[in-house]
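In my numbering, the protein residues as written are 5 to 129. Quick reminder that beta carbons are idealized off the backbone N, C-alpha and C, glycines included. Read through the structure below, which is laid out as structure tokens, and then see the notes.
And the structure:
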């Protein structure tokens with residue numbers, strides 16, 4: 005009986021960890037070519053929910069033009085409460101050059117891992 009109780013508590017702990025991770029992570033599907041060659045349209049990403057931003061990070065932000073739509077851009081510069089965003093493919097990117105710096109509060113997370121397509125899967129930092 006003792007072994008069963010240990011296994012059950014381990015399952016409960018793992019379920020709790022999975023639920024916590026699900027609340028801290030966000031799944032993103034890349035649309036467009038503004039982040040080529042780093043990201044391609046159709047790439048599927050996991051982003052860690054955070055407001056912390058460092059230059060060079062790939063961040064998910066609420067689009068200033070349509071807040072319900074997430075954007076993935078590179079944090080080019082961070083200045084106090086503001087972040088300058090740039091797309092890796094400048095000619096195809098609508099970024100801070102078009103809509104200005106964004107408030108840090110618009111940052112929804114940091115893109116950490118590409119899980120699909122499988123051939124391109126891997127961490128993003």
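- By the neighbour-count definition (other C-beta atoms within 10 Å, threshold 16), residue 21 is an exposed residue.
- Comparing alpha carbon positions, the residue from 116, 82, 104 closest to residue 76 is 116.
- Proximity to residue 121 across 40, 18, 47 peaks at 47, based on C-alpha coordinates.
- In the DSSP secondary-structure assignment, residue 76 is bridged to 64.
- Across the set 45, 79, 44, 125, the C-alpha of 79 shows the shortest separation from the C-alpha of residue 60.
- Counting only runs of at least 3 residues, the region 6-39 fully encloses the following beta strand (DSSP E) elements, listed from N- to C-terminal order: 29-33.
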